[in-house]
Amino acid sequence: QGSQAPSTGRQPHRALRSPPRAVACPAAMFGGADAFDASQGADLLGLALGQGEPGSAGLDEFVEFEVYFDGARSLAERGEAVPYLRARICQAFEILDAGLRRYLWHRDRFVLEVDLGEEQGDEPRLVGHLRTGDGAEDEWFVVHLLRQLSSTCSDVS
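Each residue of the sequence shown is one higher than the one before, starting from 39 at the first, in this note's numbering.
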């Protein structure tokens with residue numbers, strides 16, 4: 039017959055975990071039974087705070103900023119604004135590098151892009167858009183970075 043392990047007189051170890059329970063979510067919370075597909079998941083925090091509801095501001099707070107350079111408009115008239123502004127992006131990141139390396143962003147990282155404007159007379163500039171979510175520290179750090187840039191470069195406003 040088969041071999042059996044010797045009996046030690048102890049009961050076998052049983053896991054003390056309770057089985058997982060299903061949590062019922064009212065269909066009205068998700069805009070009706072048809073509006074919620076459980077396989078797609080749901081942003082429960084966003085739903086609880088009213089995100090997606092008409093008139094809601096949503097969870098994403100953001101900062102938009104612009105950096106202007108003296109003489110950029112005359113460069114645009116000669117067709118030289120884009121290379122100039124790209125070089126200024128490189129210079130800005132060289133100036134801000136030490137602070138940017140140490141900082142941990144809550145949502146988006148600091149980015150600068152060239153913007154020539156939408157109309158003929160618009161002044162070329164660098165722009166940035168940063169979603170901060172609940173990270174108010176990000177907003178203040180952007181202010182710090184822009185102040186550092188404008189104090190280092192005399193032609194920045």
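Cβ coordinates follow ideal geometry from the N, Cα and C atoms, glycine included.
As the structure is a computational prediction, the values presented were derived from the model and not from experiment.
Coarse secondary structure for residue i, derived from DSSP in three states
i	result
L183	helix
E177	helix
E132	helix
Q171	The residue you asked about is not Gln; residue 171 is Gly in the sequence shown. Of the three classes helix, strand and coil, the one that applies to G171 here is coil, per DSSP.
V149	coil
Of the listed residues the options, nearest to residue i (C-alpha basis)
i	options	result
R139	S192, F179, S188	F179
Q158	C128, V101, E99, S112	S112
L187	A114, Y122, L150, W143	L150
L123	E177, F148, L164	L164
Inter-residue spacing [alpha-carbon to alpha-carbon] between residue i and residue j
i	j	result
T190	V105	13 angstroms
D160	D153	9 angstroms
V101	R116	32 angstroms
I127	A174	25 angstroms
Distance CB(residue i)-CB(residue j) smaller than 7 angstroms
i	j	result
D193	D135	no
A119	P162	yes
R145	G166	no
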